[in-house]
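Working notes, structure below.
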Amino acid sequence: MNPLISIVIPAYNIGERIIPCIESIQNQSYDKWELIIVNDGSKDNTPQISDQFALKDTRIKVIHTPNQGALNARLTGVRNSKGVWITFVDADDTLTPEAVEHLVDCIADNRDIIVGTMNINNRTIFKHQVSGELSSIQYLTALLQYHTSIGPFAKLYRKSLFDNLSLKLKKKVTINEDLLMLMHLSILSRRIFVSNDNICYNYFAGYGISMTKMSIDIWEYFFEGIDNIICKYKSHTLDKALFDLKLCRIEKEMILKGQFLTPKYQLYHDVINSPFIMETSYKQKLLLKIIKSTCLQKFYYKMRRQYTIARAAAKRLFK
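Quick note on this note's numbering: the sequence shown kicks off at 102 and runs consecutively.
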């Protein structure tokens, strides 16, 4: 029996770039699907383009909402879906021709999330460092360690998971919000199946330096949300994985974007006084030394910024 698959696209000011995305869905080898495009308050021609597709294809439905962010747009699509399984696609990406078919082939009674893999910028195939059937705690650990993809795409979710999803963010999380959704869904799942064999998604990452920032206060709220999810497991491995994630995000999303961690933040004390200090790698020890000094953080930001700009320029020159 072939289940109905609901494909949800959150769309915000994407314009004509959404056309290849929709066409890739229409060209799927698996034909029992519905497409729900959630126009998230776009101010360009995204609504008109989406509506035109819906007029020509009865499998396509467009929902127009005020701007609410990608996560809430996805959840709006889920609430308005009819499928037994859900998959998400970003409006500027595409599905491979047999994407849905590959994912459906992996469905089993005890599996609630099916994870495929993706082609990145038509250059690299993402490889999960875990595979096969995983328990919730195994999948949570892999997510925090970046041993599997943390984005919402290239996955099938059993729709019933969303019936019990309690994810009401009191603050606007704009980076890694999908990780929170994945973690909430994984603790509701019996088993998660991860495959490196099913390339089902074409992900087009932006080039250059992204300076999108999220304040340190919001990052603290984000990490608190993760801690609330994993604390019930009382797992040393999960807690260490969260510590590693904090250090990674402090470096890449705070210091390297000109936001410097100081003792006024609880996050500073959490990492400096962490019980996992003795388990850190050499690179992490250097990072902790930088974190302890605002001057070192500023110097590191300046040097890495100059290096990144020079490297990007060299790539463009010799491309």
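A virtual CB, placed ideally from N, CA and C, is assigned to each residue, including glycine.
Rounded to the nearest angstrom, the Cβ distance from L172 to D279 is 7 Å, consistent with a contact under 8 Å. The continuous beta strand (DSSP E) containing P111 extends over residues 106-112.
Note on geometry: alpha-carbon atoms of D193 and L266 lie some 27 Å from one another. Beta-bridge annotation (DSSP): Y302 is paired with L196, M219. About 4 Å separates the CB atoms of Y240 and I293; that is less than 8 Å, so the two are in contact. The count of Cβ pairs closer than 8 Å, one atom from the region 114-121 and one from the region 181-197, reaches three, so the stretches are in contact. Between D328 and L346, the C-beta spacing is not below 8 Å. If you draw a straight line from the Cα of L387 to the Cα of Y113, it is about 40 Å long. Note on M219: 16 or more other CB atoms within 10 angstroms of its CB, so buried under the neighbour-count rule. Fully enclosed alpha helix (DSSP H) runs of no fewer than 4 residues occupy 237-245, 261-264, 278-288 of the region 235-294, in order along the chain. Distance from the Cα of D264 is smallest, within the candidate group Q169, D152, N181, K157, for N181.
In the three-state scheme derived from DSSP, where H, G and I count as helix and E and B as strand, G359 is classed as coil. Per DSSP, I330 has no beta bridge partner at all. Ranked by how close their Cα comes to the Cα of H248, the residues N277, Q385, S232, S237 have S232 in first place. F189 and C396 have their C-alpha atoms spaced approximately 43 Å apart. In the three-state scheme derived from DSSP, where H, G and I count as helix and E and B as strand, G116 is classed as helix.
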